[in-house]
Amino acid sequence: MHSKGNACCCSFDECKLTTEWLMSRTRHKPKIAVVCGSGLGLLADNISNKQVFRYEDIPNFPVSTVPGHEGHLVFGHVRDKSCVFMQGRFHLYEGYSLCRVTFPVRIFKLMGVETIIVTNASGGLCQDFKVGDIMIIKDHINLPGFAGQHPLCGFGIRFPCMSDAYSKDLRKLTLDISSELGYSNFVREGVYCMVSGPNFETIAEARMLHILGSDSVGMSTVPEVTVAKHCGLRVLGLSLITNKVSLDYSREEKVNHEEVLHISKMRAEMLQKVLYTFITRSHQEEAINSS
Ligand SMILES: O=P(O)(O)O[C@@H]1C[C@H](O)[C@@H](CO)O1
Ligand code: HPA
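Start counting the sequence shown at 0; every next residue gets the next number (numbering that gives the first Met the number 0).
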């Protein structure tokens, strides 16, 4: 019997058990892991030699409870690159502790993954952003972390540097690829701010986040990136702007999760092109190995 509760599951023994369970059932040896954000499970659709595990079958793995998060761990190839995709991530607002939210990242590290690509859907705060833009995350604001909800509390080496969590070389490669694909007009760089959710922001909160320097706001990503950086993984963060966050009391539009999923699904093909080209090229580029 393996616990599916919210008990801390990040002892080394538990991480090892889950890793060994998976590795004894697959021949894939992924070097790249992709976390799919809301409605972005489609990113895994065109990989070859697929092998799919349902989260509920994997010992110690949490289960997905949010629409648009399928709850599948998918191994496969993009061209000749072995990858693992999380079709569905875990969020603090689902009631999971941050140690549970970030558990898969520790499993990826133990499997031998070297690079993690974390995707999400977010609301645009930067006034230049349009719905459907892709924001390459250059930095983040860990708002729950400021209030003591931090995935590294109680784990490993303290005081890690976070000023370079998002690899400069990987960001540059993504910008270059976007330009080659003719996507420069809607690929941007910016700062992502995590809130815990589950409610969307009030207008006063959105104004505050904007003043603080956030270009977009979402309810995920930061815990996974923080643990990935702490484990020594290279990180790329891609945020799809699914809605414009209202900073103005006269605006009537109201954001909802269905709209977020709709835009994610509409833009998933474009994001997939960027992602697959990135995966094909990464590990070939010398610069990346040194970042
Ligand atoms: O998993 P992500 O961060 O993509 O999900 C976003 C944030 C909320 O979970 C949800 C709101 O629609 O989408
Ligand atoms: O506007 C938003 N706020 C928070 N999270 C989100 N995820 C998608 N859009 C949003």
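No residue lacks a Cβ here, since even glycine has one placed at the ideal position from N, Cα and C.
Next item on the list: Name the two residues that bound the continuous beta strand (DSSP E) containing V112.
Entry: Here V112 belongs to no beta strand (DSSP E), and DSSP marks it neither H nor E.
Check: M218 C-beta below 7 angstroms from any heavy atom of ligand 1: Indeed, a heavy atom of ligand 1 lies less than 7 angstroms from the Cβ.
| request: Can you give me the Cβ contacts of G155 inside the same chain, cut-off strictly under 7 angstroms, excluding the 5 residues immediately before and after it? | output: Excluding its 5 nearest sequence neighbours in each direction, G155 has C-beta neighbours in its own chain below 7 angstroms: H229, listed in chain order.
- prompt: Taking all protein chains shown into account, do 16 or more other C-beta atoms lie within 10 angstroms of the C-beta of A146, making it buried, or fewer, making it exposed?
  reply: Its Cβ having fewer than 16 others within 10 Å, A146 is exposed.
Practice item. Name the residue from I202, A227, E188, E268 whose alpha carbon lies nearest to the alpha carbon of D127. Key: Nearest to D127 by C-alpha distance, out of I202, A227, E188, E268, is E188.
- Query: Is Q271 helix, strand or coil by DSSP?
  - Reply: DSSP places Q271 in helix when its eight states are reduced to three.
With 16 other Cβ atoms within 10 Å as the buried cut-off, status of G70: A residue is called buried once 16 or more other Cβ atoms fall within 10 Å of its Cβ, and G70 is buried on that count.
message = Is the beta carbon of T101 closer than 8 angstroms to that of V226?
response = Cβ atoms of V226 and T101: closer than 8 angstroms.
* Give me the Cα-Cα distance between G212 and K253, rounded to the nearest whole angstrom. => One C-alpha to the other measures close to 23 angstroms.
**Request:** Measure the C-alpha to C-alpha separation of L41 and V73 and round it to an integer number of angstroms.
**Result:** So the alpha carbons of these two residues sit roughly 11 angstroms apart.
Note to self: If we require 4 or more residues per run, which alpha helix (DSSP H) segments fall completely within the segment 172-227?
What the structure shows: Listed in chain order, they are 202-210.
Original post:
Would A203 be called buried (16 or more neighbouring beta carbons within 10 Å of its own) or exposed?
Top reply: Taking all protein chains shown into account, A203 has fewer than 16 neighbouring C-beta atoms within 10 Å of its C-beta and is therefore exposed.
| request: Find the nearest neighbour of I116 within the set I140, S47, P103, judged by alpha-carbon distance. | output: Closest in alpha carbon position to I116, among I140, S47, P103, is P103.
_Just to confirm my understanding: we take L142, look at its own chain, exclude 5 residues before and 5 after, and list those with CB closer than 7 angstroms. What are they?_
Beyond the five residues adjoining it in sequence on each side, L142 comes within less than 7 angstroms, by CB distance, of C192, M193, V194 in the same chain, given in chain order.
*Inter-residue spacing [alpha-carbon to alpha-carbon] between M134 and L237*: Those two C-alpha atoms are separated by around 6 angstroms.
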